[in-house]
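So that you can map any letter, position 70 of the sequence shown is 69 in numbering that gives the first Met the number 0, and since no number is skipped, the others follow by simple counting.
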Amino acid sequence: MEIYPVKGTHDIVENDAELYRSIEETCMAVAHFYGYKEIRTPIIEHTNLFVRGVGESSDIVNKEMYTFLDKGERSITLRPELTAGVMRSIVSNKLYVNADLPLKYYYVGPCFRYERPQAGRYRQFHQFGIEAIGSPSYYLDAETIAMGYRIASILSSSKEGENSPYKLKVYVNSLGDEDSRANYKEALKKYFAKHIKNMCGDCKRRYEINPLRILDCKVEEDQAIIKDAPKMSDYLSEDSKLYLNNVISLLKELGIEATIDDGLVRGLDYYTGVVFEYHLLDEDGKSIIGALGGGGHYARLLKEIGGPDLEGIGLAFGIERLAYLIKTIHPVDEEKIYGPDFYLFGLNEEAIEENFKISDLLRVRTLSTEVCYEVKSPKSAIKTALRRGAYCAILVGEDELAKKQVTIKNLTTQEQTSVAISDLGDVASDIIAKRYVDVEGE
Ligand code: AMP
Numbered sequence: 000m001e002i003y004p005v006k007g008t009h010d011i012v013e014n015d016a017e018l019y020r021s022i023e024e025t026c027m028a029v030a031h032f033y034g035y036k037e038i039r040t041p042i043i044e045h046t047n048l049f050v051r052g053v054g055e056s057s058d059i060v061n062k063e064m065y066t067f068l069d070k071g072e073r074s075i076t077l078r079p080e081l082t083a084g085v086m087r088s089i090v091s092n093k094l095y096v097n098a099d100l101p102l103k104y105y106y107v108g109p110c111f112r113y114e115r116p117q118a119g120r121y122r123q124f125h126q127f128g129i130e131a132i133g134s135p136s137y138y139l140d141a142e143t144i145a146m147g148y149r150i151a152s153i154l155s156s157s158k159e160g161e162n163s164p165y166k167l168k169v170y171v172n173s174l175g176d177e178d179s180r181a182n183y184k185e186a187l188k189k190y191f192a193k194h195i196k197n198m199c200g201d202c203k204r205r206y207e208i209n210p211l212r213i214l215d216c217k218v219e220e221d222q223a224i225i226k227d228a229p230k231m232s233d234y235l236s237e238d239s240k241l242y243l244n245n246v247i248s249l250l251k252e253l254g255i256e257a258t259i260d261d262g263l264v265r266g267l268d269y270y271t272g273v274v275f276e277y278h279l280l281d282e283d284g285k286s287i288i289g290a291l292g293g294g295g296h297y298a299r300l301l302k303e304i305g306g307p308d309l310e311g312i313g314l315a316f317g318i319e320r321l322a323y324l325i326k327t328i329h330p331v332d333e334e335k336i337y338g339p340d341f342y343l344f345g346l347n348e349e350a351i352e353e354n355f356k357i358s359d360l361l362r363v364r365t366l367s368t369e370v371c372y373e374v375k376s377p378k379s380a381i382k383t384a385l386r387r388g389a390y391c392a393i394l395v396g397e398d399e400l401a402k403k404q405v406t407i408k409n410l411t412t413q414e415q416t417s418v419a420i421s422d423l424g425d426v427a428s429d430i431i432a433k434r435y436v437d438v439e440g441e
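Structural data, given as structure tokens:
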């Protein structure tokens, strides 16, 4: 009986795995430029971390968590996001004691949400994110938003540049300070009181616990009602407005145009103040795969889970969505396999034994090398090397063995040369060094 993958999960193999790794490496490299250090937290946490952290009124906690009792009857949850776990880790390890603030951590890893699978939406997906804790400055908010923008633009940059039909966009909003938010929630309650009986079951629940969450509702009939709901901007205190405008002005100084989106509230309860999202828009200005990433300021999260009263700001990208972005902007030949620098073939058994040793000589020079352990004819050797995407095929037969040589065939330039085995390391290194110079110089 065939066993299928669990619904909403996906295997990431070969070229896709390479793509995911390169996205993660880019994200991590940028994080290093901004002074972030890595943090790795467990995939499983106590359920009440998310109930307290992400919030009881959020869809994530209410409907989407993978929660189970372990053998010791403890309620355990597969993390639906990483911010709460990072905060828990900061508290558990007292990372704030004698630390220079802000603490700055980046993470990458899988998350789990029981959502309806669709394009760009999985039940197991991967996030890269950052958290900066302990500095209430709007400069840090602007820096965080700019950093995310840099990541998305590095990944989406195309050689066609200006001519690309796609546009990267960052939307911002403010959820205000406590007073602004309380007044806004009150206004929402008043507005929705007239409509709630006609809205979905989730909205009825949201209305009781946190009416702000109604704005996240995806049900079409409810959208018409939500459209005319009061806007947060009308309830923002002067301080909150000024803070948001300062962030927008600072981004402008870096050449980043942030657009205010009044309806942007984010689906997690811990956000306060500035929130933001990154989208890739098509020619018609439509977001092509939902938010690539997003984040915001959180004033009380660390305190909520037992830590000191320090504010934070964070962002998270979905790796799957970044991969989609790259594939959309740079459609690659899916057939193209990125193979080894060298593929070694023996034209007889003796040559295979020689190749086994030669491969080591190349690999210790960090040249990627594969060996074929079956005797091949020169023609079928070249065919195999091409199919596997090798840069060069190395052939060893009777003649080569007698002369202590190999034949190298560059499969791109078609150049063929004989090289003494004693010189092979240097020659092979030169070929590959030149390969990358040529590519960069294109
Ligand atoms: P959130 O933690 O909800 O703020 O989400 C941050 C980012 O994670 C989103 O912008 C998406 O790129 C990604 N993301 C969230 N949920 C999913 C999902 N179910 N499948 C794939 N990516 C997701």
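Even for Gly, the Cβ is constructed at its ideal location relative to N, Cα and C.
TYR105 vs ASP281 beta-carbon contact at 8 Å
no
Let me make sure I understand the geometry here. Which of MET231, ILE430, LYS196 has the alpha-carbon closest to that of LEU211?
MET231
Closest Cα partner of GLY284 within the set ASP58, LYS168, LEU235:
LYS168
Going by C-alpha to C-alpha distance, which of PHE32, GLU72, ASP58, LEU279 sits closest to GLY119?
LEU279
Would LEU174 pass as a contact of THR76 if the rule is Cβ separation under 8 Å?
no
If contact is defined by three or more beta carbon pairs under 8 Å, each pair taking one atom from either stretch, is the stretch 45–60 in contact with the stretch 202–220?
yes
Using only the heavy atoms of ligand 1, determine whether one of them is closer than 7 Å to the beta carbon of ARG180.
no
Helix, strand or coil, according to DSSP, for VAL90 in the structure here?
helix
Could you pull the start and end residues of the alpha helix (DSSP H) that SER248 belongs to?
237–252
How about the stretch 128–138 and the stretch 321–330: do they share at least three Cβ pairs that are nearer than 8 Å?
no
Confirm, please, whether the CB-CB distance from THR82 to ILE312 is below 8 Å.
no
Looking at PRO339: is its Cβ nearer than 8 Å to the Cβ of ALA389?
yes
Give me the Cα-Cα distance between PRO116 and GLY7, rounded to the nearest whole angstrom.
5 Å
In angstroms with no decimal places, state the Cα-to-Cα distance between ASN197 and HIS296.
33 Å
Residue interval of the beta strand (DSSP E) (run including LYS103)
102–111
Considering just the uninterrupted stretch of the alpha helix (DSSP H) at LEU400, what are its terminal residues?
397–402
Environment of PHE32 [buried if 16+ CB atoms lie within 10 Å]:
exposed
Relative to ligand 1, is the shortest distance from any of its heavy atoms to the C-beta of GLN415 smaller than 7 Å?
no
Could you pull the DSSP bridge partners for ILE132 from this structure?
LEU102, GLY311
Looking only at C-alpha atoms, which of THR416, TYR19, VAL107 sits nearest to ALA30?
VAL107
Top-ranked residue by Cα proximity to GLY71, from GLU185, PHE49, HIS45, GLU237
HIS45
What whole-angstrom Cβ distance do SER236 and ASP176 have, given they're in contact under 8 Å?
6 Å
Neighbour-count burial assignment, ASN354, 16 or more Cβ in a 10 Å radius
buried
Which partner residues of GLU37 appear in the DSSP bridge assignment?
TYR105
Beta-carbon proximity check, HIS194 vs ILE224, cutoff 8 Å:
yes
When DSSP labels each residue in this structure, what does LEU343 get in the three-state scheme?
strand
When THR416, GLU348, GLY34, ARG39 are compared against ILE89, the one with the closest alpha-carbon
ARG39
If you compare alpha carbons, which of GLN413, VAL370, ILE213, ASP429 is closest to VAL395?
VAL370
To which residues of the same chain is PHE67 closer than 7 Å at the C-beta, ignoring the five residues directly before and after it?
ILE75
Please confirm whether any heavy atom of ligand 1 lies closer than 7 Å to the CB of GLU319.
yes
Using a threshold of 8 Å, state whether the C-beta atoms of LEU366 and ALA427 are closer than that.
yes
Do GLU63 and ARG20 count as a contact pair if the criterion is CB distance below 8 Å?
no
I need the DSSP call for GLU80, collapsed to helix, strand or coil.
coil
Starting from HIS31, follow the alpha helix (DSSP H) in both directions and report where the run begins and ends.
13–32
Less than 8 Å between the CB atoms is what I'm expecting for LEU343 and GLY424, so what's the real figure, rounded?
Not a contact, Cβ separation roughly 14 Å.
Endpoints, beta strand (DSSP E) assigned at THR412
Premise fails: THR412 is in no beta strand (DSSP E) and is neither H nor E.
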